[in-house]
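Report on the following structure.
There are 2 protein chains.
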Amino acid sequence: MLKKIEVFKENDFSEKQFKKLLVHDSPYFKVINFNFRGGQELPVHSHDIEGQLSITVLEGAGEFLGAENAVIPAGPGDVLISDISEPHGVRAKTDMRVLVTIAPPI
Amino acid sequence: MLKKIEVFKENDFSEKQFKKLLVHDSPYFKVINFNFRGGQELPVHSHDIEGQLSITVLEGAGEFLGAENAVIPAGPGDVLISDISEPHGVRAKTDMRVLVTIAPPI
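Residue numbers (the numbering used here), protein chains in the order written: chain F, 1 to 106; chain G, 107 to 212.
Okay, here's the thing in structure tokens:
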């Protein structure tokens, strides 16, 4: 079965905090959409488990965050690859939509 | 180590056929960017192995393709989830950039 998720339609923004949409979860990977208002962020964090994740910018601009205050500019079409055990985060400068894929799923 | 790939900058288009960029390959997943000129397509195909894939539209419009001539409209922010063993494909109506994630990697 093919499953289509319209991320731009099915998730919106909140003034309080980034807004999260579970796009897909299976034994193979987990896919989550985060929407940020400019200024909102997913703080730097990590989990001490095997695996990797990608963070893809669908819309808007901001920064990928890493260990020791690393800041990497992030715009549409940019993809960040990180071990799950490596510190990573996202900060939005404008309204921003990203897609996070985690394999294997947490 | 964080690794950033600027998909919009690092891959372009070709008049002959869709253009492919290997974004990432690891034991956990493979990430590939395909750029299509309007009219180009990745024909419906499948592989008889375990796993799933996602196809995310980064830019442009077209169609996700499935078994028995299934056609599903595809626009920015749309994500298609498919088993690797399920027939799937993409056809572009305008210039179109998609990101394919395969877990576990083929």
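All C-beta atoms, glycine included, are put in the ideal place defined by N, C-alpha and C.
Ranked by Cα distance from F/S26, the options F/P87, F/K3, F/A92, F/V90 are led by F/K3. Here F/A103 is buried: its Cβ has 16 or more other Cβ atoms, across all protein chains shown, within 10 Å. The C-beta of F/S85 has fewer than 16 other C-beta atoms within 10 Å across all chains shown, which makes the residue exposed. Around the CB of G/I212, fewer than 16 other CB atoms lie within 10 Å, so the residue is classed as exposed. F/I49 and F/N35 have their C-alpha atoms roughly 25 Å apart. When Cβ-Cβ separations below 8 Å define contact, F/G89 makes no contact with chain G. Boundaries of the beta strand (DSSP E) harbouring G/K110: 109-112, taken from the DSSP string.
For G/R143, there are no C-beta contacts with chain F under 8 Å, since the nearest C-beta of that chain is about 17 Å from it. Per DSSP, the beta-bridge partners of F/D83 are F/Q52. When Cβ-Cβ separations below 8 Å define contact, F/F8 makes contact with chain G. Residue contact check for G/T162 against chain F: a CB pair falls below 8 Å.
Listed along the chain, the chain F residues whose CB falls inside 8 Å of the CB of G/P182 are F8, L58, E59.
Straight-line measurement puts the Cα of F/N69 at about 30 Å from the Cα of G/V206. In its chain, beyond the 5 residues on either side, G195, V196, R197, A198 have a beta carbon closer than 7 Å to the beta carbon of G/E147. Residue pairing of G/K136 in beta bridges, as defined by DSSP: G/D131, G/I208. Residue contact with chain F for G/G157: present (Cβ-Cβ distance below 8 Å to some residue of chain F). Identification of chain F residues near G/G172 by a Cβ-Cβ cut-off of 7 Å yields L2, ordered along the chain. For the 8 Å CB-CB criterion, G/A167 and G/G183 do not form a contact. In the displayed model, G/A198 falls within a strand according to three-state DSSP. Judged by beta-carbon spacing, F/V23 lies beyond the 8 Å limit of F/T56, meaning their Cβ atoms are not closer than that value. Among the residues facing chain G, F/P104 is included, as its CB has a counterpart in that chain under 8 Å away.
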